[in-house]
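Numbering (our numbering), first residue to last: 15 to 377.
Structure representation (structure tokens):
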């Protein structure tokens, strides 16, 4: 496909309530857009379809300047109410700049997705071949129309009761109807290529070698002893170590990369003491964390927010209830010393991951 340049806002067409560019903006099937600048760089953002589903975000993780990303691979994430939505890169290229406005005002991505809410500028690597995998012009409207009806079927009509009669899809869909399920909808519409890869290939062979080649994971027979002794298995969400082991052994790469539960581990090593096969589950969890960071540079471990708030990763309610029933005091934590907690927070604010994503630590 021959690249078309743009220096102005796109011509828009309303398709069942979604604003769709129908001129020189290119749409990726993961709902990112790309527009070629006169400078030769490509401006990238997220389309109105994605923003109607997610609603205004609390924050976002943009790709790092100078980093190289590839089409169909995860390159950025939005965050809302502690939940994460990852998006795929619409083309191959090196990140030249990011939009500073959206860091301070993440709602711009929702309010003006094709204008002030743009995300980054990319120096393309394989532009013409990448564009062959994107839609443009009137094909954008046709595709979004198909997506809207697929969304209606996926949500069993909750996306917009008037859609079959020519109405519009509701805005902030996941906020209004949380029972639809955040992760299933994100994977279905925004991580299409990752999901297709899993369905087509079934699994990634020898994933365990990439994650945990030094351990004895292949000897795990899913006995659940690690779960029965794990205090974090009572958390929210629960840490189910055996489930993580099965995902690694079965090669469920895309299931694992979106799993936040490895970050709920409290590092007590009880699982390692109890494992009859000497699999070393705790070491496996640490290896999964490292693997996730290597494969998703937009990753912000959810445990960091809890550490900033309380001084530790998570409160295991069942343990505190048990201590109370026995007439014991609650375990002393850094939270009981507000002065030390504030000093600890100041230290965390000096780290790159916290300072660049301070919106997650406000309030």
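Heads up, the beta-carbon is just placed ideally off N, CA and C, and yes, glycines get one too. Computed from a prediction, not measured in an experiment: that's the story for all the values here.
- Approximately 5 Å separates the beta-carbon atoms of residue 158 and residue 29; this is inside 8 Å, confirming the contact.
- For the set 155, 46, 152, the Cα lying nearest the Cα of residue 124 is the one of 46.
- In this structure the segment 136-143 does not lie against the segment 33-47, because fewer than three pairs of beta carbons, one per stretch, are closer than 8 Å.
- When only Cα atoms are considered, residue 266 and residue 337 end up about 39 Å apart.
- When rounded, the separation of the alpha-carbon atoms in residue 276 and residue 96 is 16 Å.
- Burial is judged here by how many other beta carbons sit within 10 angstroms of a residue's own beta carbon; residue 299 has at least 16 and is buried.
- The straight-line gap separating the alpha-carbon atoms of residue 184 and residue 74 is approximately 23 Å.
- Secondary structure note for residue 117: its alpha helix (DSSP H) is the uninterrupted segment 114-118.
- Take residue 262, set aside five residues on each side of it, and the residues of its chain with a beta-carbon closer than 8 Å to its own are 221, 222, 225, 226, 231, 270, 298, 302, in chain order.
- In the DSSP assignment, residue 88 falls within the beta strand (DSSP E) that extends over 88-94.
- A Cβ-Cβ contact shorter than 8 Å links residue 104 with residue 40.
- Note on residue 128: 16 or more other CB atoms within 10 angstroms of its CB, so buried under the neighbour-count rule.
- Residue 322 and residue 250 have their alpha carbons spaced roughly 18 Å apart.
- Secondary-structure assignment with DSSP links residue 149 through a beta bridge to 41.
- Counting along the chain, the unbroken beta strand (DSSP E) around residue 101 starts and ends at 97-102.
- By the neighbour-count criterion, in which a residue is buried when 16 or more other Cβ atoms sit within 10 angstroms of its Cβ, residue 296 is buried.
- Per DSSP, residue 73 is one residue of the beta strand (DSSP E) stretching across 73-75.
- Between the beta-carbon of residue 83 and that of residue 77 there is about 6 Å, and that keeps the pair under the 8 Å contact cut.
- By the neighbour-count criterion, in which 16 or more other beta carbons inside 10 Å mark a residue as buried, residue 237 falls on the exposed side.
- With a cutoff of 8 Å on beta-carbon distance, residue 240 and residue 291 are scored as not near each other.
- With distances taken between CA atoms, residue 196 lies nearest to 273 out of 273, 324, 130.
- Annotation: residue 364 is outside any alpha helix (DSSP H) and is labelled neither H nor E by DSSP.
- Cα atoms of residue 245 and residue 117: separation of roughly 36 Å, rounded to the nearest angstrom.
- In the DSSP assignment, residue 133 falls outside any beta strand (DSSP E) and carries neither an H nor an E.
- Residue 98 holds the alpha-carbon nearest to the alpha-carbon of residue 71 among 98, 166, 27.
- The straight-line gap separating the alpha-carbon atoms of residue 64 and residue 80 is approximately 26 Å.
- Cβ-Cβ separation between residue 166 and residue 59: approximately 25 Å, too far for a contact (criterion under 8 Å).
- With a 10 Å radius around the Cβ and a threshold of 16 neighbouring Cβ atoms, residue 107 comes out buried.
- Of the residues 43, 368, 325, the one whose Cα lies closest to the Cα of residue 351 is 325.
- Per DSSP, the beta bridge partners of residue 60 are 46.
- Pairing residue 364 with residue 308, the inter-Cα distance amounts to about 22 Å.
- Of the residues assessed, residue 169 falls on the buried side of the cut-off, its CB having 16 or more other CB atoms within 10 angstroms.
- For the options 268, 62, 148, the alpha carbon positioned closest to that of residue 122 is the one of 62.
- Closest in alpha carbon position to residue 268, among 186, 254, 198, 247, is 198.
- Note on geometry: alpha-carbon atoms of residue 154 and residue 25 lie some 12 Å from one another.
- Residue 109 sits away from residue 312, with the two beta carbons spaced by 8 Å or more.
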